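Peer 1: The structure is given below, and queries will be raised subsequently.
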Amino acid sequence: MQANNILSAGRFGAYLKKHLVDNYRFYLMSIVVVTGLLLLLLIFVGITDTHFSHYGDLVPFYLIGLYVSGLIFTSMSFNELGNKPHGIDYLLLPASHLEKFLTTLLITTIGFLLVYHLAFFLAAKVLDTIIGIRTGAHMENDLTRHFNSDEWKWSYIVWFIAQSVFFLGAIYFHKYSLIKTAFFFIVFVLALYLIHAVFAQIFFHKYMDDWRTHIPFVGVNIELEQQKHYTVMVSGNIYHNHVMLMLPEKVRDVLLFMVKYMVAPILWTVAYFRLRDKEI
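Per my numbering, the very first residue in the sequence shown carries number 26; after that it's consecutive.
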C-alpha cells in the first residue's frame, strides 16, 4: 500500500477542515459550556471566599476542571459510530482511518488543552477582578513555583494516560462511553491490585501481618527477622520491626519510564487499530 493511501498531508488537512465545519456547533457549545462553568465556579468562590491571595490557590479547581471536562469531552469522540447511517457516512468518507484518527486525537488533546487553558485564564482574570474590587488587592502570580514541581508534571502525565483510556473507550463503547469506560477501568485496576496481593501472599505470606500491606508494582511491607528496630507507616498504621521491600532501582526506573512515555501512546495505538477494524 502506498504511503499516501495511509496519510496524505493535503487530504488530512481537507478532512480536518471538513470535520471542524461539520461539528463547529458542537465544539462552540462545548467551549461556551466549559468557559461558563469555570466562570460560575470561580465567581462563586470569589463572592463567598476572599482568602484567595495567590493564583496557586486556584490549582485544585484547575485540575478538577481539566480532568472532568477533558475526559467527558474525550468520551464523546466517535459518537457517529453509534448511529448506523452516520457511522456508514463516517467510514465511507474519502480519508484514511489514520487521518480520521489523528483528527479526533488532535482535537481531544491539543485542541482541548488550548481551549481549556484560555477558558481558565479568562475565568481566573474575572475572579481576580472581583477580589480586587472587594478587597483592593489583586492575586499574586506564584504559578512558576507550581510549574517547576514534579507534581505539576505528573498531573499532565496522568491526564494524558486517562485521556488515552477514555479515548480507547470511546471507540469500544458508543453509548454511555464515559460510564462504561470508568467502570471497566476501575475493574481493571482492582484486578491488578488483587493479582498483586495474591502473588505477595504467595511469596511473602510468612512475613506479612496483613494482605493489604503492599503497594502494587512498588513494594511489600515485610517483618524483619533481625532484632533491629524499624518503624514504617502503611495506610495510617504504624508497624514496628518492618521494612518496605522495594523493587530494584533499575526496575523502578524502567517502569516509571514506561508509565511516563509509553502507556498513552500504546493505548492510542490500540485505539487506532480498533478503529481501523471497525464495522457498522
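Glycine included, C-beta positions come from ideal geometry on N, C-alpha and C. Quick caveat: nothing in here was measured; it's all calculated off a predicted structure.
#1: With a floor of 4 residues, list each alpha helix (DSSP H) that falls wholly inside the segment 132 to 161, ordered by position along the chain.
#2: I'd like to confirm the pairing. Which residues does DSSP put opposite Gly112 in its beta bridges?
#3: Would you decide whether Leu63 is buried or exposed? Buried here means 16 or more other CB atoms lie within 10 Å of its CB.
#4: Comparing C-alpha positions only, which one of Met101, Asp47, Ile211, Phe213 sits nearest to Phe137?
#5: Taking DSSP as the reference, what is the three-state secondary structure of Leu270?
#6: State the beta-bridge partners of Ile247 as determined by DSSP.
#7: Taking just the CA atoms, how far does Asn104 sit from Ala195?
#8: Take the Cβ of Lys109 as the centre, count every other Cβ of all protein chains shown within 10 Å, and call the residue buried at 16 or more, exposed below.
#9: What residues match up with Gly79 in a beta bridge as DSSP calls it?
#10: Can you grab the Cα-Cα spacing for the pair Gly61 / Lys205, in whole Å?
#11: Is it a yes or a no for the segment 177 to 197 touching the segment 77 to 97, going by three-plus beta-carbon pairs under 8 Å?
#12: Output the boundary residues of the alpha helix (DSSP H) element that contains Ser55.
#13: The alpha helix (DSSP H) with Glu176 in it runs from where to where?
Peer 2: Let's see:
#1: 137 to 160
#2: Partner(s): none; Gly112 has no beta bridge.
#3: buried
#4: Met101
#5: strand
#6: Val268
#7: 8 Å
#8: exposed
#9: Per the sequence shown, residue 79 should be read as His rather than Gly. Answer is Glu165.
#10: Cα to Cα, Gly61 sits roughly 27 Å from Lys205.
#11: yes
#12: 49 to 73
#13: 175 to 197
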